[in-house]
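Asks: Top to bottom, those sequences are chains A and B. What the first sequence shows, in the numbering used here, is residues 1 to 473, in sequence order. What the second sequence shows, in the numbering used here, is residues 474 to 630, in sequence order. Yeah, the Cβ is synthetic: ideal placement off N, Cα and C, and Gly gets one too. The model shown is predicted, which means the values in this text are computed figures rather than measured ones.
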Amino acid sequence: MINKKTIIWIISLALPIIVLLLPTSSFPIEGMTVVEQRVIALFVLAALFWILEPIPIYATSILIIVLELIMISDKGLNFLIADKDVEGFGTLLSYKSIFGTFSSPIILLFMGGFFLAMASTKYRLDQNLARVLLKPFGTKPSMIIMGLMAITAVFSMFMSNTATTAMMLSIIAPVLVYFDQDDPGRISLALCIPVAANIGGMGTPIGTPPNAIALKYLTGTDAISFGEWMAFGVPFVLVLLTIGWVLLNTLFPARKKEIKLEIKGEFLKTRKAIIVYITFAGTILMWLFDFVHGMNSYIVAMIPVAVFLMFNIITKEDLKKISWDVLWLVSGGIALGLALGKSGLAENAVNSIPFSEFPALLIIGFAALLATTMANFMSNTATANLLLPIIAAVGTTVISIEPLGGSKMLVLGTTLAASLGMALPISTPPNALAHATGAIKTGQMAKVGLIMGAIGLAAVFGLLYILNMVNFF
Amino acid sequence: MEKIYILCIEDQSEVLHSVLEHLSFFEGHITIEECESTAEAKQLINEIDGEGDYVGVIVSDHAMPVQTGVEFLIELNNDFRFVDTKKILLTGQATHMDTIQAINQAAIDKYIEKPWKKEHLVELVSTMLTEFIIKKGIPYEPFLQVLDKPRLFELLK
Numbered sequence: 001m002i003n004k005k006t007i008i009w010i011i012s013l014a015l016p017i018i019v020l021l022l023p024t025s026s027f028p029i030e031g032m033t034v035v036e037q038r039v040i041a042l043f044v045l046a047a048l049f050w051i052l053e054p055i056p057i058y059a060t061s062i063l064i065i066v067l068e069l070i071m072i073s074d075k076g077l078n079f080l081i082a083d084k085d086v087e088g089f090g091t092l093l094s095y096k097s098i099f100g101t102f103s104s105p106i107i108l109l110f111m112g113g114f115f116l117a118m119a120s121t122k123y124r125l126d127q128n129l130a131r132v133l134l135k136p137f138g139t140k141p142s143m144i145i146m147g148l149m150a151i152t153a154v155f156s157m158f159m160s161n162t163a164t165t166a167m168m169l170s171i172i173a174p175v176l177v178y179f180d181q182d183d184p185g186r187i188s189l190a191l192c193i194p195v196a197a198n199i200g201g202m203g204t205p206i207g208t209p210p211n212a213i214a215l216k217y218l219t220g221t222d223a224i225s226f227g228e229w230m231a232f233g234v235p236f237v238l239v240l241l242t243i244g245w246v247l248l249n250t251l252f253p254a255r256k257k258e259i260k261l262e263i264k265g266e267f268l269k270t271r272k273a274i275i276v277y278i279t280f281a282g283t284i285l286m287w288l289f290d291f292v293h294g295m296n297s298y299i300v301a302m303i304p305v306a307v308f309l310m311f312n313i314i315t316k317e318d319l320k321k322i323s324w325d326v327l328w329l330v331s332g333g334i335a336l337g338l339a340l341g342k343s344g345l346a347e348n349a350v351n352s353i354p355f356s357e358f359p360a361l362l363i364i365g366f367a368a369l370l371a372t373t374m375a376n377f378m379s380n381t382a383t384a385n386l387l388l389p390i391i392a393a394v395g396t397t398v399i400s401i402e403p404l405g406g407s408k409m410l411v412l413g414t415t416l417a418a419s420l421g422m423a424l425p426i427s428t429p430p431n432a433l434a435h436a437t438g439a440i441k442t443g444q445m446a447k448v449g450l451i452m453g454a455i456g457l458a459a460v461f462g463l464l465y466i467l468n469m470v471n472f473f
Numbered sequence: 474m475e476k477i478y479i480l481c482i483e484d485q486s487e488v489l490h491s492v493l494e495h496l497s498f499f500e501g502h503i504t505i506e507e508c509e510s511t512a513e514a515k516q517l518i519n520e521i522d523g524e525g526d527y528v529g530v531i532v533s534d535h536a537m538p539v540q541t542g543v544e545f546l547i548e549l550n551n552d553f554r555f556v557d558t559k560k561i562l563l564t565g566q567a568t569h570m571d572t573i574q575a576i577n578q579a580a581i582d583k584y585i586e587k588p589w590k591k592e593h594l595v596e597l598v599s600t601m602l603t604e605f606i607i608k609k610g611i612p613y614e615p616f617l618q619v620l621d622k623p624r625l626f627e628l629l630k
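Dropping the structure here:
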């Protein structure tokens with residue numbers, strides 16, 4: 001009996017192997033090298049593994065890096081690279097640059113974000129901020145939902161969307177129990193949190209991994225600073241949050257007249273806690289005012305790491321809790337992008353497709369729609385890992401996109417679109433957690449997620465249009 | 474994938490039967506095993522551990538011939554393989570002394586008095602299962618349906 005898992009394994013392995021065994025001439029890319037063919041096989045493997053998930057997504061990332069080291073690096077398996085000087089073999093990647101993806105500044109920027117989040121959770125800054133910030137919203141359900149969404153969104157800009165969702169759900173969990181089973185307010189209360197977490201991640205470069213991956217392709221003149229990202233990201237988040245709030249309150253208005261959320265605790269006033277508060281605020285300020293001190297966001301991100309370790313705020317035991325899965329998932333994406341770029345494949349492949357004949361708007365629309373669709377069914381990060389290297393190449397080679405903002409615009413649009421996949425419980429970890437509360441049916445989540453996805457895409461195009469108007473690109 | 478077991482130990486078959494019926498909530502996600510004596514239980518947990526699977530929760534009666542539940546749980550608590558196993562004592566006959574022993578030496582996690590309510594039992598076992606899964610670093614996603622969500626959110630944040 002062949003079960004689903006076996007079929008998935010067969011498909012995920014067979015296709016890349018077929019790609020590897022075909023003669024080079026059978027590809028519609030002129031003058032394709034052996035290295036490029038191997039990169040195509042790796043890309044197909046990555047795509048299938050990330051979509052069908054025969055193994056965890058972070059394991060796929062590591063697999064890609066290891067296969068790159070063995071198959072296309074200058075210190076790879078000897079008989080695989082024996083022909084390296086033969087014409088048509090292509091250029092091998094330096095093994096150091098592949099290893100470098102583990103410690104890319106982007107990875108360390110994200111790690112800095114983890115340190116901030118870990119320290120603020122440990123010293124209850126998040127919980128206490130939530131308590132204080134929720135107070136002014138009173139007890140009216142629609143206002144409470146607004147408060148929850150605002151706080152969730154702000155937190156998810158600096159903490160992982162998943163951790164934020166878990167924290168916020170633990171705040172509302174006691175209240176959910178006392179709701180009437182048929183009060184629609186239960187649904188809006190539970191659903192507002194993942195919606196806000198998914199949206200909030202778009203607000204900063206460290207809000208969600210796809211943003212970090214985008215930074216890899218936003219270099220040189222295309223670079224976006226932390227402050228610049230927030231300058232358009234935060235208003236964009238605000239618009240989507242408002243729409244989400246109206247949508248939830250229209251679709252699932254609460255019948256209950258009053259919700260009382262109780263969050264216990266008080267701000268810690270110990271020396272360590274105060275160091276955490278100052279470092280947190282200081283890091284964010286430094287991220288925003290890079291034009292004053294000249295340090296880029298990657299360098300700033302290392303300051304809280306040093307401070308928290310110096311003062312034993314993050315201990316040896318805490319260090320073990322770093323989400324290596326997220327960091328390595330991104331590393332794999334960077335490595336895949338590196339292989340596509342350095343082998344020349346991305347550019348050659350894009351050149352062999354007559355993109356220039358397509359209207360620029362069609363390319364942008366298609367890229368964004370594809371990103372959102374894929375992200376609904378698979379990890380947002382994996383979506384960005386697969387799409388962005390190609391999208392970046394399209395952006396630089398297709399001239400008709402230039403007046404609309406070029407590669408920078410296309411990468412940014414696709415990245416934001418990858419965060420809009422939130423229709424299903426499997427779309428994002430926050431969705432899965434909220435669905436687990438039992439308050440939301442999949443259909444209800446899909447309804448809100450699809451509407452938010454559609455409006456979100458329209459908002460992305462609006463944002464790109466405005467950014468182009470103000471000569472941002 | 475590794476399996477997680479819930480073990481029920483009870484010498485009176487009709488009581489055992491009703492515990493099992495109440496715990497049927499977990500079926501499909503967790504394997505539930507029944508034992509009529511601690512000797513049988515020991516053999517079973519050895520097998521489970523040998524297979525590389527997990528003994529997640531043990532629900533044990535106290536007053537049983539040959540070896541009491543508390544004695545068995547103390548033994549278990551001193552076995553490195555089962556230190557993390559969640560231990561629930563389900564009894565109506567434990568004396569004051571037994572109870573003190575159960576807490577101090579067996580480090581039991583929950584104490585349920587007979588007669589019990591189904592919802593109460595299921596709720597406690599679900600909470601224990603959630604804590605066990607997070608403690609052991611087992612991916613929690615496949616078990617979401619039978620876990621204690623508020624506890625899970627607390628542990629994940």
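Around the C-beta of B:His551, are 16 or more other C-beta atoms found within 10 angstroms, so that it is buried, or is it exposed?
Replies: Along the second sequence, read from residue 1 onward, the residue named residue 551 of chain B stands at position 78. The sequence given here places Asn at residue 551 of chain B; His does not occur at that position. Counting Cβ neighbours within 10 Å, B:Asn551 comes out exposed, since fewer than 16 surround it.
Asks: Go through the segment 136 to 197 of chain A residue by residue and report every complete run of the alpha helix (DSSP H) that reaches 4 residues or more, in order.
Replies: Those alpha helix (DSSP H) runs which fall completely within the segment 136 to 197 of chain A and span 4+ residues are 141 to 158 and 161 to 177.
Asks: In terms of residue numbering, what span does the alpha helix (DSSP H) encompassing A:Leu424 cover?
Replies: By one-based count along the first sequence, residue 424 of chain A stands at place 424. Looking at the DSSP string, A:Leu424 is not in any alpha helix (DSSP H), and its letter there is neither H nor E.
Asks: For chain A, is any of its Cβ atoms less than 9 Å away from the one on B:Glu627?
Replies: As a first step, residue 627 of chain B must be located in the second sequence, where it is residue number 154. Taking Cβ atoms only, chain A reaches closer than 9 Å to B:Glu627, which makes this a yes.
Asks: Going by DSSP, what residue range makes up the beta strand (DSSP E) through B:Tyr478?
Replies: Taking the first residue of the second sequence as 1, we reach residue 478 of chain B at position 5. Segment Ile477 to Ile482, the beta strand (DSSP E) holding B:Tyr478.
Asks: I need the DSSP call for A:Leu420, collapsed to helix, strand or coil.
Replies: Within the first sequence, residue 420 of chain A is the residue found at index 420, counting from 1. Note: A:Leu420 maps to coil in three-state DSSP.
Asks: Tell me whether the beta-carbon of A:Thr152 lies closer than 9 Å to the beta-carbon of A:Thr139.
Replies: Sequence index remark: in the first sequence, residue 152 of chain A carries index 152 (1-based). Sequence index remark: in the first sequence, residue 139 of chain A carries index 139 (1-based). No. Outside cutoff.
Asks: My output table needs one value for B:Ile576: the three-state DSSP class, helix, strand or coil.
Replies: As a working note, residue 576 of chain B is residue 103 in the second sequence. DSSP places B:Ile576 in helix when its eight states are reduced to three.
Asks: Is the Cβ of A:Ala273 closer than 9 Å to any Cβ of chain B?
Replies: On the first sequence, residue 273 of chain A is found 273 positions in, with the first residue counted as 1. No, its Cβ sits nowhere closer than 9 Å to a Cβ of chain B.
Asks: So, using beta-carbon positions, are A:Thr121 and B:Lys630 closer together than 9 Å?
Replies: Within the first sequence, numbered from 1, the residue matching residue 121 of chain A stands at position 121. Within the second sequence, numbered from 1, the residue matching residue 630 of chain B stands at position 157. Yes, these two residues count as a Cβ contact at 9 Å.
Asks: Determine the chain B residues that contact A:Leu21 at a beta-carbon separation under 8 Å, and present them in chain order.
Replies: As a position in the first sequence, residue 21 of chain A is number 21, starting the count at 1. Going along chain B, no residue has its Cβ under 8 Å from A:Leu21, so there is no contact; the nearest lies around 33 Å.
Asks: Span of the beta strand (DSSP E) holding B:Leu650?
Replies: Lying outside 474 to 630, the shown extent of chain B, residue 650 of chain B is not represented and no answer is given.
Asks: Hey, how far is the Cα of B:Cys481 from the Cα of B:Ile607?
Replies: Reading the second sequence from its first residue, position 8 is the one you call residue 481 of chain B. Reading the second sequence from its first residue, position 134 is the one you call residue 607 of chain B. Cα to Cα, B:Cys481 sits roughly 22 Å from B:Ile607.
Asks: Contact criterion: CB-CB distance below 9 Å. Does A:Ala46 meet it with respect to chain B?
Replies: The residue you call residue 46 of chain A lines up with position 46 of the first sequence. Closer than 9 Å: no.
Asks: Which of the three DSSP states, helix, strand or coil, is assigned to A:Tyr95?
Replies: Looking up residue 95 of chain A in the first sequence gives position 95. DSSP places A:Tyr95 in helix when its eight states are reduced to three.
Asks: Does the Cβ of B:Tyr478 have 16 or more other Cβ atoms within 10 Å, making it buried, or fewer, making it exposed?
Replies: Residue numbering aside, residue 478 of chain B sits at position 5 when the second sequence is read from its first letter. Label assigned to B:Tyr478: buried.
Asks: Under 8 Å by Cβ, that's how I've got B:Thr511 and B:Met474 pegged, so tell me the actual separation to the nearest angstrom.
Replies: By one-based count along the second sequence, residue 511 of chain B stands at place 38. By one-based count along the second sequence, residue 474 of chain B stands at place 1. Between B:Met474 and B:Thr511 the Cβ distance is about 29 Å, and since that is not below 8 Å, they are no contact.
Asks: Since A:Ala173 meets chain B, which of its residues come closer than 7 Å, beta carbon to beta carbon?
Replies: Residue numbering aside, residue 173 of chain A sits at position 173 when the first sequence is read from its first letter. What A:Ala173 touches in chain B: Lys622, Pro623 and Phe626.
Asks: Taking the beta carbon of B:Ile573 as the centre, do at least 16 other beta carbons fall within 10 Å, making it buried, or is it exposed?
Replies: Working through the second sequence from its first residue, we reach residue 573 of chain B at position 100. Burial call: exposed.
Asks: According to the Cβ coordinates, are A:Leu340 and A:Val39 closer than 9 Å?
Replies: The residue given as residue 340 of chain A occupies position 340 in the first sequence. The residue given as residue 39 of chain A occupies position 39 in the first sequence. A contact, by the Cβ cut-off of 9 Å.
Asks: In chain order, what residues of the same chain have a beta carbon less than 7 Å from the beta carbon of A:Ser352, not counting five sequence neighbours either side?
Replies: Residue 352 of chain A sits at position 352 when you count from the first residue of the first sequence. Same-chain partners within the cutoff: Pro28, Ile29 and Glu30.
Asks: How about A:Ser170: is its C-beta nearer than 9 Å to some C-beta of chain B?
Replies: Against the first sequence, residue 170 of chain A aligns to sequence position 170. At least one chain B Cβ lies under 9 Å of A:Ser170.
Asks: Should B:Gln618 be flagged as near chain A, meaning a C-beta pair shorter than 9 Å?
Replies: Numbered from its first residue, the second sequence carries residue 618 of chain B at position 145. By this cut-off, B:Gln618 is an interface position.
Asks: Quick check on this structure: which residue in A:Lys96, A:Ile172, A:Met118 and A:Met286 has the alpha carbon closest to the alpha carbon of A:Arg131?
Replies: Here residue 131 of chain A refers to the residue found at position 131 of the first sequence. The shortest C-alpha separation from A:Arg131 is found at A:Ile172.
Asks: Within 9 Å of any Cβ in chain A, is that where the Cβ of B:Glu614 sits?
Replies: Here residue 614 of chain B is taken as the residue at index 141 of the second sequence, counted from 1. Yes, B:Glu614 lies at the interface with chain A (some Cβ there is under 9 Å from its Cβ).
Asks: Would you say A:Ala163 faces chain B, with C-beta separation under 9 Å as the test?
Replies: Residue numbering aside, residue 163 of chain A sits at position 163 when the first sequence is read from its first letter. Chain B, which has a Cβ nearer than 9 Å to the Cβ of A:Ala163, makes this yes.
Asks: For A:Ala436, return the contacting residues in chain B, with the cut-off set at a CB-CB distance below 7 Å.
Replies: In the first sequence, residue 436 of chain A corresponds to position 436, counting from 1. In chain order: Leu617 and Lys622.
Asks: Can you find a CB in chain A that lies within less than 9 Å of the CB of B:Lys630?
Replies: Within the second sequence, numbered from 1, the residue matching residue 630 of chain B stands at position 157. B:Lys630 counts as touching chain A.
Asks: Against chain B, does A:Leu433 count as a neighbour if the rule is that its beta carbon must be under 9 Å from one of theirs?
Replies: Within the first sequence, residue 433 of chain A is the residue found at index 433, counting from 1. Yes, A:Leu433 lies at the interface with chain B (some Cβ there is under 9 Å from its Cβ).
Asks: Got a sec, what are the start and stop residues for the alpha helix (DSSP H) A:Phe60 sits in?
Replies: Counted from its first residue, the first sequence places residue 60 of chain A at position 60. The residue asked about is misnamed: residue 60 of chain A is Thr in this sequence, not Phe. Its alpha helix (DSSP H) spans residues Ile57 to Met71.
Asks: Taking the alpha-carbon of A:Thr372 as reference, which of A:Ser400, A:Ala418 and A:Val330 has the nearest alpha-carbon?
Replies: As a first step, residue 372 of chain A is located in the first sequence; it is residue number 372 there, counting from the start. Checked all of A:Ser400, A:Ala418 and A:Val330; the closest Cα to A:Thr372 is A:Ala418.
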